[in-house]
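J.:
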Amino acid sequence: MRTSNQSPFTFPVFHSFDCLESLRLLSFCPFFTVNCYWVLPTELSMVPVEDGVRVGMGCDFSKYTSCCMDTQEDGHPAPEDQVDGENEDNAVEGIELPRFHEFTIDQLRRATSGFAVENIVSEHGEKAPNVVYKGRLDNQMRIAVKRFNRNAWPEAQPFLEEARAVGQLRNQRLVNLLGCCCEGDERLLVAEYMPNDTLAKHLFHWENQPMRWAMRMRVALFLAQALEYCTSKGRALYHDLNAYRVLYDDDYNPRLSCFGLMKNSRDGKSYSTNLAFTPPEYLRTGRVTPESVTYSFGTLLLDLLSGKHIPPSHALDLIRDKNLQTLSDSCLEGELTNDDGIELVRLASLCLQSEPRERPNPKSLVAALIPLQKDSEAPSHVLMGIPDGATTFPLTPLGEACLRMDLTALHEVMEKMGYKDDEGAATELSFQMWTNQMQETLDSKKKGDAAFRLKDFKTAIDGYTQFIDVGTMVSPTVYARRGLCYLMSNMADEALNDAMQAQVISPVWYIAFYLQAVALLAMGKENDAQMALKEGSLLESKRSTN
Numbered sequence: 038m039r040t041s042n043q044s045p046f047t048f049p050v051f052h053s054f055d056c057l058e059s060l061r062l063l064s065f066c067p068f069f070t071v072n073c074y075w076v077l078p079t080e081l082s083m084v085p086v087e088d089g090v091r092v093g094m095g096c097d098f099s100k101y102t103s104c105c106m107d108t109q110e111d112g113h114p115a116p117e118d119q120v121d122g123e124n125e126d127n128a129v130e131g132i133e134l135p136r137f138h139e140f141t142i143d144q145l146r147r148a149t150s151g152f153a154v155e156n157i158v159s160e161h162g163e164k165a166p167n168v169v170y171k172g173r174l175d176n177q178m179r180i181a182v183k184r185f186n187r188n189a190w191p192e193a194q195p196f197l198e199e200a201r202a203v204g205q206l207r208n209q210r211l212v213n214l215l216g217c218c219c220e221g222d223e224r225l226l227v228a229e230y231m232p233n234d235t236l237a238k239h240l241f242h243w244e245n246q247p248m249r250w251a252m253r254m255r256v257a258l259f260l261a262q263a264l265e266y267c268t269s270k271g272r273a274l275y276h277d278l279n280a281y282r283v284l285y286d287d288d289y290n291p292r293l294s295c296f297g298l299m300k301n302s303r304d305g306k307s308y309s310t311n312l313a314f315t316p317p318e319y320l321r322t323g324r325v326t327p328e329s330v331t332y333s334f335g336t337l338l339l340d341l342l343s344g345k346h347i348p349p350s351h352a353l354d355l356i357r358d359k360n361l362q363t364l365s366d367s368c369l370e371g372e373l374t375n376d377d378g379i380e381l382v383r384l385a386s387l388c389l390q391s392e393p394r395e396r397p398n399p400k401s402l403v404a405a406l407i408p409l410q411k412d413s414e415a416p417s418h419v420l421m422g423i424p425d426g427a428t429t430f431p432l433t434p435l436g437e438a439c440l441r442m443d444l445t446a447l448h449e450v451m452e453k454m455g456y457k458d459d460e461g462a463a464t465e466l467s468f469q470m471w472t473n474q475m476q477e478t479l480d481s482k483k484k485g486d487a488a489f490r491l492k493d494f495k496t497a498i499d500g501y502t503q504f505i506d507v508g509t510m511v512s513p514t515v516y517a518r519r520g521l522c523y524l525m526s527n528m529a530d531e532a533l534n535d536a537m538q539a540q541v542i543s544p545v546w547y548i549a550f551y552l553q554a555v556a557l558l559a560m561g562k563e564n565d566a567q568m569a570l571k572e573g574s575l576l577e578s579k580r581s582t583n
């Protein structure tokens with residue numbers, strides 16, 4: 038992909054630079070009051086729960102008209118005194134964000150399908166000290182949930198105070214913190230979900246094309262603006278600023294993660310990266326300061342210039358020796374001018390001064406980066422080489438059918454696959470399976486299946502509803518089939534709820550995502566539908582290759 042090591046611009050002689058000191062299961066189903074269930078591969082595959090245990094098989098999701106962020110688990114309005122003051126401005130780019138909210142652990146279990154492994158988006162997966170999951174709230178809002186190690190914040194009050202303070206920030210340059218959970222020994226943060234990867238992915242590990250110079254300078258400016266905003270609101274400290282902390286939203290605008298505004302633990306280190314990238318004063322004192330954040334910003338400027346993660350001490354050696362060929366990204370040839378390159382090196386060098394008080398503040402960085410902006414009117418997705426702001430992942434044939442809202446094709450696929458996706462690990466049936474009540478339950482499912490096959494969707498809904506209301510067996514396919522029947526009957530809200538229930542039971546079942554996509558399209562929620570289509574196609578493609 039890189040074909041030349043030739044520097045795309047020539048630097049003049051620099052006369053002085055300061056020397057620096059060297060230096061990311063089986064799900065718990067939240068609709069039930071038991072912690073596990075079993076699904077079998079046969080028609081008698083939905084194992085009943087024990088007598089006397091209530092199973093809430095009816096959909097408890099709120100509708101689009103009600104946001105769970107303003108309600109408690111029981112559906113009542115959330116107390117007004119849950120946060121210390123209101124957010125100054127919840128509107129970000131015309132979108133009204135919900136105010137900071139304290140979630141229950143059950144709400145976040147439901148949102149993440151029981152903290153399913155498949156929903157992990159942390160850089161190091163399950164091995165990350167604090168794992169980040171993607172999820173959806175009851176109102177379909179996508180979220181990222183950071184679950185801290187149980188020993189990270191032993192006392193609740195310091196965690197809550199920090200989270201509430203960060204949660205008051207609202208800015209279009211930030212990935213905004215929407216809420217937290219502090220229940221028992223659980224400590225979690227809830228933020229907006231950014232679907233389009235990190236700066237590290239787009240800058241260091243690109244696949245189709247390298248990041249253009251104009252986009253690199255937009256990243257630098259937007260991050261400086263984010264830091265300037267945080268500083269103006271009294272949150273000047275940012276922990277471990279690096280390329281993994283920069284995330285891309287739906288429109289491919291870069292945003293600074295709010296997670297870095299809090300430490301990973303009460304007494305933990307502020308920097309987890311290689312010591313070669315750590316501010317020299319932090320190595321001496323172990324304390325992060327606003328000037329330390331500026332130093333880390335300087336390392337990001339070097340990343341943007343070089344397309345590589347070069348230790349700042351090595352980069353400054355190259356600059357002092359006028360050996361800049363290795364420092365600049367050869368992929369920028371023809372895009373980067375001498376003047377722009379020189380100015381970025383100057384800014385990076387100022388940020389990396391060994392004496393903290395000589396480093397610029399975020400406001401000065403913003404002023405210096407504005408003149409470096411190119412194609413300012415172009416949307417970010419254009420600068421990133423994305424045809425439009427929507428997902429460009431190639432859909433499977435079934436995904437294309439769902440995009441067309443071809444319900445007939447979806448019906449044929451679901452009829453053909455039967456109940457094979459209800460397979461689970463357990464192989465034993467309890468005695469209750471053979472009681473009269475159980476037989477009646479299975480008869481109602483057979484009634485629904487027969488009507489589904491004949492496209493008698495009203496009768497199918499009745500049969501599947503009888504099966505679900507008894508509440509003794511679990512089947513994602515039954516929810517999916519009833520959801521499709523609702524779609525056929527122009528009942529998109531009910532279809533969406535059933536598709537979400539199917540996903541909770543079977544988090545990696547692509548049919549559940551496709552049904553959500555079609556329901557969302559029917560409701561005019563095109564952006565959310567595109568994301569569901571992408572996830573469904575990814576899961577379907579992954580299954581076909583296994």
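Here my numbering is used: the first residue of the sequence shown is 38, the next is one more, and so on. Glycine included, C-beta positions come from ideal geometry on N, C-alpha and C.
According to DSSP, is S512 part of a helix, a strand, or is it coil?
T.: In the structure shown, S512 sits in coil (DSSP, three-state: anything other than H, G, I, E or B).
J.: Measuring alpha carbon to alpha carbon, tell me which of Q205, E220, Q177 and L206 ends up nearest R184.
T.: It is E220.
J.: For L389, which residues in the same chain have their Cβ closer than 7 Å to its Cβ, ignoring the five residues on either side in sequence?
T.: Same-chain partners within the cutoff: L57, Y332, G335, P349 and L353.
J.: Using only the alpha-carbon positions, how far apart do S159 and E452 sit?
T.: So the alpha carbons of these two residues sit roughly 37 Å apart.
J.: Would you please state the rounded distance, in angstroms, between the beta carbons of D287 and N564? I believe it to be under 8 Å.
T.: At roughly 6 Å, the Cβ-Cβ gap stays under 8 Å, so D287 and N564 are in contact.
J.: Can you tell me whether DSSP reads P397 as helix, strand or coil?
T.: P397 falls in the coil class under three-state DSSP.
J.: Quick check: A261 and L402, are their CB atoms within less than 7 Å of each other?
T.: In contact: A261 and L402 (Cβ atoms closer than 7 Å).
J.: For E223, which of R146, M475, Y551 and P434 has the nearest alpha-carbon?
T.: Comparing Cα-Cα distances from E223 to each of R146, M475, Y551 and P434, the minimum goes to R146.
J.: Determine the closest residue to P399 out of G271, E372, T433 and R201, with distance taken between C-alpha atoms.
T.: Ranking G271, E372, T433 and R201 by Cα distance to P399 puts G271 first.
J.: Work out the CA separation of L214 and S578 for me, nearest whole Å.
T.: Those two C-alpha atoms are separated by around 33 Å.
J.: Can you tell me which of L373, V212 and Y275 puts its alpha carbon nearest to the alpha carbon of M299?
T.: Nearest of L373, V212 and Y275 to M299, Cα basis: Y275.
J.: State the DSSP-derived secondary structure class of T413, mapped to helix, strand or coil.
T.: According to the sequence displayed, residue 413 carries Ser and not Thr. Three-state result, S413: coil.
J.: State buried or exposed for S581, treating a residue as buried only when at least 16 other CB atoms are found within 10 Å of its CB.
T.: S581 is exposed by the Cβ-count criterion.
J.: Three or more beta-carbon pairs under 8 Å between the region 505-524 and the region 535-554, yes or no?
T.: Touching, yes, given that three or more Cβ pairs across the two stretches are closer than 8 Å.
J.: Could I get the ranges of all uninterrupted beta strand (DSSP E) runs contained in the region 172-242, with 3 residues as the minimum, in chain order?
T.: The region 172-242 contains these whole beta strand (DSSP E) runs: 179-184, 214-220 and 223-229.
J.: Return the first residue and the last residue of the beta strand (DSSP E) that Y285 is part of.
T.: Element bounds for Y285: V283 to Y285.
J.: Use the C-beta contact count for D175: other C-beta atoms within 10 angstroms, 16 or more gives buried, fewer gives exposed.
T.: That one is buried.
J.: Which term fits M454, buried or exposed, when burial requires 16 or more other beta carbons within 10 angstroms of its beta carbon?
T.: Classification for M454: exposed.
J.: Could you tell me whether the Cβ atoms of A257 and L373 are closer together than 7 Å?
T.: Cβ distance not < 7 Å, so A257 and L373 don't count as in contact.
J.: One question on the structure: do N208 and Y285 come within less than 7 Å of each other, judged by their Cβ atoms?
T.: Not a contact, by the Cβ cut-off of 7 Å.
J.: Given a cut-off of 7 Å, decide if A529 and Q540 are closer than it, judged by their beta-carbon atoms.
T.: Cβ distance not < 7 Å, so Q540 and A529 don't count as in contact.
J.: Going by Cα to Cα distance, which pick from Q503, D459, L278 and L312 is closest to M475?
T.: M475 has its Cα closest to that of Q503, out of Q503, D459, L278 and L312.
J.: Name the residue from L341, L521 and W250 whose alpha carbon lies nearest to the alpha carbon of E449.
T.: The shortest Cα separation from E449 among L341, L521 and W250 belongs to L521.
J.: I'd like the list of long-range same chain contacts for V545, defined as Cβ closer than 6 Å, with 5 residues on each side in sequence excluded.
T.: Within the same chain, V545 has close Cβ partners E155 and L576.
J.: Give me the Cα-Cα distance between E199 and L226, rounded to the nearest whole angstrom.
T.: Approximately 11 Å between the Cα atoms of the pair.
J.: Once you ignore the five residues that flank A273 on each side, which residues in its own chain have a CB closer than 6 Å to its CB?
T.: Taken in chain order, the residues that qualify are P327.
J.: What's the C-alpha gap between Y266 and L206?
T.: So the two alpha carbons sit approximately 9 Å from each other.
J.: Which stretch, first to last residue, makes up the beta strand (DSSP E) that contains L298?
T.: No beta strand (DSSP E) contains L298, which DSSP labels as neither H nor E.
J.: Please report the distance separating the alpha-carbon of S417 from that of Y289.
T.: So the two alpha carbons sit approximately 6 Å from each other.
J.: Checking the sheet assignment: what are the DSSP bridge partners for V169?
T.: BP columns for V169 point to K183.
J.: Candidates T322, Y501 and Q144: which alpha carbon is nearest C218's?
T.: The shortest Cα separation from C218 among T322, Y501 and Q144 belongs to Q144.
J.: Under 7 Å Cβ to Cβ from L432, same chain only, skipping five residues before and after it: list those, please.
T.: L440, L570 and S574.
J.: Could you check how far apart the C-beta atoms of F137 and R179 are, in whole angstroms? I think they sit under 8 Å.
T.: Rounded, the Cβ-Cβ distance is 17 Å, inconsistent with contact.
J.: Could you compute how far the alpha carbon of M510 sits from the alpha carbon of A556?
T.: Approximately 25 Å between the Cα atoms of the pair.
J.: Please name the residue or residues paired with H138 in a DSSP beta bridge.
T.: In the DSSP output, where bridge partners are listed per residue, H138 has G216.
J.: What's the gap between the Cα of R292 and the Cα of S269?
T.: Taking the straight line joining both Cα atoms gives about 17 Å.
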